[in-house]
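Q: To start, I am sharing the structure in question, which I have written as C-alpha cells.
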Amino acid sequence: MTLSSPPSIDTLSRPSVTHDPVRRVPAWVIPLGIAAGFALLFIALFRDRLLPAPDVEVAVVLATISEAAPSAAATAPAKTGGGEMLFQASGWIEPDPLPSKATALIDGVVEAVHVLEGQDVRKGDKLASLISDDMRLALSSAERNHDTLVATRDAHLAAIESARKKSSGAQAAAISAETLRNEAVDRLTRLKGMSARAFPEQEIVSARLRVEREEAQKLVADSAAAEAEAEIARLELETRVRENEIRAAAIEVEKARL
323 MTLSSPPSID
333 TLSRPSVTHD
343 PVRRVPAWVI
353 PLGIAAGFAL
363 LFIALFRDRL
373 LPAPDVEVAV
383 VLATISEAAP
393 SAAATAPAKT
403 GGGEMLFQAS
413 GWIEPDPLPS
423 KATALIDGVV
433 EAVHVLEGQD
443 VRKGDKLASL
453 ISDDMRLALS
463 SAERNHDTLV
473 ATRDAHLAAI
483 ESARKKSSGA
493 QAAAISAETL
503 RNEAVDRLTR
513 LKGMSARAFP
523 EQEIVSARLR
533 VEREEAQKLV
543 ADSAAAEAEA
553 EIARLELETR
563 VRENEIRAAA
573 IEVEKARL
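Just remember that the numbering used here sits 322 ahead of the position in the sequence shown, which is counted from 1.
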C-alpha cells in the first residue's frame, strides 16, 4: 500500500480567469441623441416651410359643352367637342375673381339674410340684418351718458360764472378793507402828531386797534378773493375734462348708430 504525499500549495492554485472590460457608453451620446430627436421632430413639423415651394402654373379653365352623355361625363375625363381627349392634368379649380368675404363692423346675432348663395350683389346691397334690440339699448345708453356729461358740463359752466361773481365780490371787499385800513392808519398818524393834551390816550389806542382790525379784514378779503380765483381755475379744468368726456361719448353714440 502506497501513501500519497499531501498536496502542495502549488497544486491548489486556481486557474486565472480573464474577463473582458465592461464597455461604458460615452456621456455625450445621450445629449446627442436627444438633440437629434428634436432635430428630426422639427424637420417633420416644418418640412413644408423649409423646403422650397413648388412652382404652380395658373391657367384659365373654360367650361365647354361636351357631346358625351351626362353620366359618362361624370366618370370619364373631359373631352373636346370631337370626343378626343387632348390632355389630362392634376390640380384644383378656384373661382376667378376670387370670392370676397363680407364681414360686419359689429358683433351680433343674424336676424335675416337678404341674399342667396351665389347671387350677384352690388355695393350698397343689404346682405343680412342683425337683431337690433341690443344695438338699440346700447344706443340709448350711449345717448343718456352723453346727455349726462353735457348736463354736468353746463353745471360746471354755471358754477364758474357763480365763482367769478363771488371773486368779484371778494375783490371789492378787499378794496373796501384796504380803504378802511388806509383811513384808520391816516387817523392814527394824525392823532400821534397832535399834542397829547388834545386827545386822550384811550382814543389813540382805539385808533391803533382799528388799524389792526382793518388790516385783518383786508387779509380775510384777499384770502377770499384768492380762494375764489382758485375755485374758478379748478372748475375750468374740470370743464375741460367734461368736454373730452363729451367728445368720447359722442363717438360712442356714433358707433352705436352704425
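For glycine and all other residues, C-beta sits at the position ideal for the given N, C-alpha and C.
Round the Cβ separation of A550 and A499 to the nearest angstrom and send it over; I've been treating them as touching at under 8 Å.
A: Not confirmed; about 15 Å, so no contact.
Q: Starting from the C-beta of S368, find all residues in its chain whose C-beta is less than 7 Å away, skip the five residues before and the five after it, and write them out in chain order.
A: Residue identity check: residue 368 is Phe in the sequence provided, not Ser. If we look at F368 and ignore the five residues flanking it on each side, it has no Cβ neighbours.
Q: Check whether the Cβ atoms of L513 and A529 lie closer than 9 Å to each other.
A: yes
Q: Could you check how far apart the C-beta atoms of R564 and T470 are, in whole angstroms? I think they sit under 8 Å.
A: In fact, because the Cβ distance is near 10 Å, the residues do not count as touching under 8 Å.
Q: Does at least one heavy atom of the ligand HEM sit under 8 Å from the Cβ of A552?
A: Here there are no bound small molecules, and the ligand HEM is not part of this structure.
Q: Work out the CA separation of A361 and V351 for me, nearest whole Å.
A: 15 Å
Q: Just checking my contact of V575 with A464 at CB under 8 Å: how many whole Å lie between their CB atoms?
A: 4 Å
Q: Considering only their Cβ atoms, is the gap separating D447 from H436 smaller than 9 Å?
A: yes
Q: Measure the Cβ-Cβ separation of S489 and E433 and say whether it is below 9 Å.
A: no
Q: Report the option in I415, A357, I365, I482 whose CA atom is closest to the CA atom of V380.
A: I415
Q: One question on the structure: do A572 and H478 come within less than 9 Å of each other, judged by their Cβ atoms?
A: no
Q: When DSSP builds the beta bridges, which residues end up paired with A434?
A: Answer is S451, bridged to A434.
Q: Which whole-angstrom value is the C-beta distance of A496 and A543, which I expect to be below 8 Å?
A: 4 Å
Q: If you run the structure through DSSP and keep just helix, strand and coil, what is M407?
A: coil
Q: Suppose the cutoff is 6 Å on Cβ atoms and the five residues either side in sequence are ignored; what does the same chain contact list for V533 look like?
A: A506, V507, L510
Q: Quick check: L452 and V431, are their CB atoms within less than 9 Å of each other?
A: Taking C-beta atoms as the reference points, L452 and V431 count as a pair closer than 9 Å.
Q: How big is the Cα-Cα spacing for D377 and S422?
A: 25 Å
Q: For the stretch 357 to 385, which segments carrying the alpha helix (DSSP H) assignment without a break, of at least 4 residues, lie completely within its bounds, in sequence order?
A: 369 to 372
Q: Is it buried or exposed, E536, if we count other Cβ atoms within 10 angstroms and call 16 or more buried?
A: buried
Q: Can you list, in chain order, the residues of its chain whose CB lies under 6 Å from that of R503, leaving out five sequence neighbours each side?
A: E536, E537, K540
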